[in-house]
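Here's the structure we're looking at; comments come further down.
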Amino acid sequence: MKSTAILALLLLSCGKPQEAKTEPPPAGSVRVTWLGRAYFLIETSSVKVAIDPCAKGDFWKADAREVRADLVLATHGHDDHDAVDLVKGTKAAIRAKCVTGEETAAGVKVRYVGVDHDASGGKERGKNTIYVVELEGLRICHAGDLGHILTDEQIKAVGPVDILLLPVGGRWTVELAEARKVAEQLAPRVVVPMHAKTDLTPDLAHTVDAFAKDQPNVRRVEANSAVFSKAALPASREIVVLRDQ
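Position in the sequence shown counted from 1, then plus 935, gives you our numbering.
Right, here's the structure in full:
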């Protein structure tokens, strides 16, 4: 009888995912965690920002369902980018702005720039937002489902970028050559490829390895997160490949 009760408790606990407990990054630094598709958690010692939370179970990382964040951003309204209600503990949300502007939310300065989800002025897949968040002296840019090379006006609106989270998988976004061009246009110190083909996202055309192939200064991280600081940014542009699983 006792063993049956214990087994029941174990099954119950397994059925409810628990929030992953991680220590905050050191003061003055930022941890960037890739949770699948275009979903990222960006953390400092005092604040957490979730970007493009994903509603479709097939796209989730194992630890993604219990994410907590102070601020959540969605680049556009598609359900693999806009599941803001799944993020717990939020103080503010900015959803699918798709225009150019700036505001402070949950104590975080956020810049947004309206762009398109395709190369046809949004006629095929609608609009998209590029976000730039400023944390610990770093300007971190998330390009969402960018579908085209940027105009001079859009480059100016985005402004300086330290870390660029860039879609590279193609099909629904920029293709490989266009992604590399966007990286050149925004000139970040670090590029983190995302929205790429994996076992969980076979609908996309290109992997992060395809983007990084034959590129200089590639650093592969054996985890889905990396810690950055302003003082330790590379002297020349670096591609940081996070583990997709």
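Beta carbons: idealized from backbone N, C-alpha and C, even for Gly.
Collapsed DSSP secondary structure at residue i in the structure displayed
i	result
Arg1178	coil
Ala1027	strand
Asp1020	helix
Glu1001	coil
Ala1118	helix
Val1044	According to the sequence displayed, residue 1044 carries Lys and not Val. Reduced to three states, the DSSP call for Lys1044 is strand.
Ile1084	coil
Lys1091	helix
Ala1158	coil
Ala1147	helix
Glu1113	helix
Lys1062	strand
Ala1167	coil
Leu1135	coil
Val982	coil
Same chain, Cβ closer than 6 Å to residue i, neighbours up to 5 away in sequence not counted
i	result
Ile1090	Gln1120
Val1096	Arg1074, Cys1076, Leu1121, Pro1123
Ala1028	Val1007, Val1019
Lys1116	Ile1084
Lys983	Ala1004, Asp1005
Per-residue burial, residue i [other beta carbons within 10 Å of its own, 16 or more giving buried]
i	result
Gly1079	buried
Lys1032	buried
Gly1072	exposed
Ala1167	exposed
Asp1134	exposed
Gly1042	exposed
Thr1142	buried
Asp1138	exposed
Asp1051	buried
Lys1026	exposed
Asp1179	buried
Pro1169	exposed
Ala1118	buried
Thr1136	buried
Residue j beta carbon less than 7 Å from that of residue i
i	j	result
Glu1037	Arg1030	no
Ala1004	Val1019	no
Ala1147	Val1176	yes
Thr1035	Gly1049	yes
Lys1132	Gly1104	yes
Ala886	Leu1101	The structure shown does not extend to residue 886, since the chain spans only 936 to 1180, so no value can be given for it.
His1083	Ala973	no
Leu976	Ala962	no
Ile1065	Val1093	yes
Ala1145	Arg1106	no
Thr1010	Asp987	yes
Close-in-space but distant-in-sequence residues of the same chain around residue i (CB under 8 Å, 5 per side omitted)
i	result
Glu1173	Arg1124, Val1125, Val1126, Asn1152, Val1153, Arg1154
Thr1039	Val1045
Same chain, Cβ closer than 7 Å to residue i, neighbours up to 5 away in sequence not counted
i	result
Pro960	Arg966, Glu978, Thr979, Ser980, Val1162
Ser1171	Asn1152
Gln1150	Ile1174
Leu1111	Val1103, Gly1105, His1141, Ala1145, Phe1146
Glu1069	Lys1044
Next on the checklist: Could you check whether the segment 1148-1163 touches the segment 959-973, counting it as contact only if at least three pairs of C-beta atoms, one from each stretch, sit closer than 8 Å?
Outcome noted: yes
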